[in-house]
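Add 9 to the 1-based position in the sequence shown for the numbering used here, that's all there is to it.
Glycine included, C-beta positions come from ideal geometry on N, C-alpha and C.
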Amino acid sequence: MNLHQLRIFCSVVEHNSYTRAAEALFMTQPAVSLQVQALEQSLQIKLLERVNQRFVLTEAGQALYQCALPMLNAEAEAERVIAEIKGIARGRLVVAANTTGGMYVVPPLLAHYKELRPESELLLQIDATERLIERARQGIIDLAFACGSIVHPDLTVETIGMDTLTLILSSRHPLAARSALSLEEVVSQPFIVPETISRTRQLIEQTMRERGYTLKIAMHFQGTEPVKKAVESNLGVGMVSSAAVIHEVRGGTLRAMPITDLELTRPLVMFYRRGKYFGPMARDFMAYVRAYPFPS
10 MNLHQLRIFC SVVEHNSYTR AAEALFMTQP AVSLQVQALE QSLQIKLLER VNQRFVLTEA
70 GQALYQCALP MLNAEAEAER VIAEIKGIAR GRLVVAANTT GGMYVVPPLL AHYKELRPES
130 ELLLQIDATE RLIERARQGI IDLAFACGSI VHPDLTVETI GMDTLTLILS SRHPLAARSA
190 LSLEEVVSQP FIVPETISRT RQLIEQTMRE RGYTLKIAMH FQGTEPVKKA VESNLGVGMV
250 SSAAVIHEVR GGTLRAMPIT DLELTRPLVM FYRRGKYFGP MARDFMAYVR AYPFPS
C-alpha cells in the first residue's frame with residue numbers, strides 16, 4: 010500500500026466511477042482499475058463492490074477511505090509548507106468559520122490582514138461548527154473559528170475573544186421603545202430561532218431551561234440572516250450575535266434590547282488539529298489573530 014494507490018482509491022470513491030477518476034487523475038481507466046486491484050491484493054480484502062451498476066464501499070473500504078483522507082491531506086500540507094519555506098510558493102491558508110463567525114466576525118479580520126500582507130492567499134469556508142471540527146481533525150482546513158466552547162481531544166482550541174448574544178426586536182415592535190426588558194417579559198414573546206443544529210439556538214434554549222423557562226418558538230430558519238429578516242418583519246423576537254446586527258441597529262430597522270436579568274456571552278475560539286505544523290505565513294497570521302481587537 011502506498012500514497013499513490015490511496016490517492017487513486019479515494020478519487021474512485023469521490024467520483025463514484027473509475028472512468029471519471031481516471032479523467033481527474035490524467036490516467037487511463039485500466040491503469041486506475043489495476044491500482045485499485047493492487048491495493049486490494051496488498052490488503053487482502055475487498056474494498057469496492059459493484060451493486061446495480063454502481064460501486065459501493067465495503068466496510069473495509071469505508072474504513073480505509075476515512076483513514077486515507079488525513080494521510081493525503083497531510084502529504085499535500087507538507088509539500089505546501091516546504092515550498093513556502095523554500096520560497097517557491099507564497100503563503101496559503103485555508104480558514105473556516107461557523108455561520109456567525111464566517112459572516113460577521115472573520116471577514117473583517119481577513120481583510121485587515123490582507124492589507125498588511127497582500128501577497129498572502131487566504132481561503133474562507135463557512136459551515137456548521139460540527140462539520141468544521143471534523144474537517145480540522147482530518148487536516149482539510151488549516152484553522153477554524155467558531156462562537157462557543159469546543160472541547161475535543163484531537164484539537165487545540167484557543168479563546169481569542171468573546172461574543173455577546175443580544176435580544177433583537179423590530180423597530181415597529183410594541184416594546185421597541187422600552188430601555189430594557191426583564192427575562193420574564195422576553196420569554197412571553199414569540200421567538201424566531203435558527204435550526205436545531207445551531208449552537209446559538211442550543212445555548213439560548215439551555216439557558217432558558219436553566220432559568221425555568223421554555224421558549225415560544227414561532228419560526229425557525231437555517232442561518233442568522235433569515236432570523237434577522239423575520240424579526241425585522243415583526244414576526245417575533247430573536248437572539249443573535251451582537252456582531253450580526255451592527256448595521257441593522259445603526260440603520261434603525263432592528264432594536265438591540267438589553268435584558269435586565271440576563272447577559273449571555275460565549276467565547277470566540279480559534280481551533281486546529283493538535284500537533285499540526287504551521288509554516289511561516291500561518292504562524293504570522295495566528296499571531297495577528299491573537300492580537301486582533303475582536304468586538305465583544
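In chain order, each beta strand (DSSP E) run of at least 3 residues that lies wholly inside the region 86–132: 101–106
Test item: CB-CB of residue 154 and residue 280 under 9 Å: yes
Residue 172, DSSP secondary structure in three states: strand
Segment limits, beta strand (DSSP E) that includes residue 281: Per DSSP, residue 281 belongs to the beta strand (DSSP E) from 273–282.
Beta-carbon contacts of residue 97 that lie in its chain and below 7 Å, excluding the five residues immediately before and after: Residue placement at residue 97 cannot be trusted, given a pLDDT of 41 that sits under 50; what the coordinates show is reported in the next sentence. Once the five neighbours on either side are set aside, residue 97 has no close Cβ partner at all.
Span of the beta strand (DSSP E), counted from its first residue to its last, around residue 58: 57–60
From 59, 131, 227 and 194, residue whose alpha carbon lies closest to that of residue 290: 131
Cα-Cα separation between residue 262 and residue 180, rounded to whole angstroms: Here the alpha carbons of residue 180 and residue 262 stand approximately 6 Å from one another.
Residues sharing a beta bridge with residue 179, DSSP: 263
Whole-angstrom distance between residue 159 and residue 166, CA atom to CA atom: 7 Å
Nearest residue (CA-CA) to residue 321, options 141, 210 and 223: The structure shown has nothing for residue 321, since the chain only spans 10 to 305.
Which listed residue (266, 107 and 35) has its alpha carbon closest to that of residue 187: Checking every option, the nearest Cα to that of residue 187 belongs to 266.
DSSP state of residue 268 mapped onto helix, strand, coil: strand
Contacts around residue 81, its chain only, beta-carbon distance under 8 Å, and the 5 residues preceding and following it disregarded: A distance below 8 Å between beta-carbons, with the five flanking residues on each side excluded, links residue 81 to the following residues of its chain, in chain order: 12, 15, 16 and 19.
C-alpha distance - residue 258 paired with residue 300, whole-angstrom precision: When rounded, the distance between both Cα atoms is 27 Å.
Residue 294 - containing alpha helix (DSSP H), residue span: 289–300
Cβ pair residue 86, residue 286 closer than 9 Å: yes
Segment contact flag, the region 243–257 with the region 196–210, C-beta cutoff 8 Å, min 3 pairs: yes
Residue range of the alpha helix (DSSP H) that includes residue 10: Boundaries for residue 10: no alpha helix (DSSP H) harbours it, and the DSSP string shows neither H nor E there.
Beta-carbon gap between residue 149 and residue 108 smaller than 9 Å: no
Limits of the alpha helix (DSSP H) - the one that residue 213 falls within: Annotation for residue 213: the continuous alpha helix (DSSP H) segment containing it runs 208–219.
C-beta contact flag for residue 297 and residue 122 at 9 Å: yes
Status (buried if at least 16 other CB within 10 Å, exposed otherwise) for residue 30: buried
C-alpha distance - residue 65 paired with residue 238, whole-angstrom precision: 43 Å
Given residue 272 as reference, the closest of 226, 220 and 224 once Cα atoms are compared: Out of 226, 220 and 224, 220 has the C-alpha closest to the C-alpha of residue 272.
Cβ separation of residue 268 and residue 189, assumed to be a contact under 8 Å, to the nearest whole Å: 7 Å
Pick from 146, 73, 218 and 25 that is closest to residue 61, judged by C-alpha positions: 25
Cβ neighbour criterion (16 or more within 10 Å) applied to residue 141: Label assigned to residue 141: buried.
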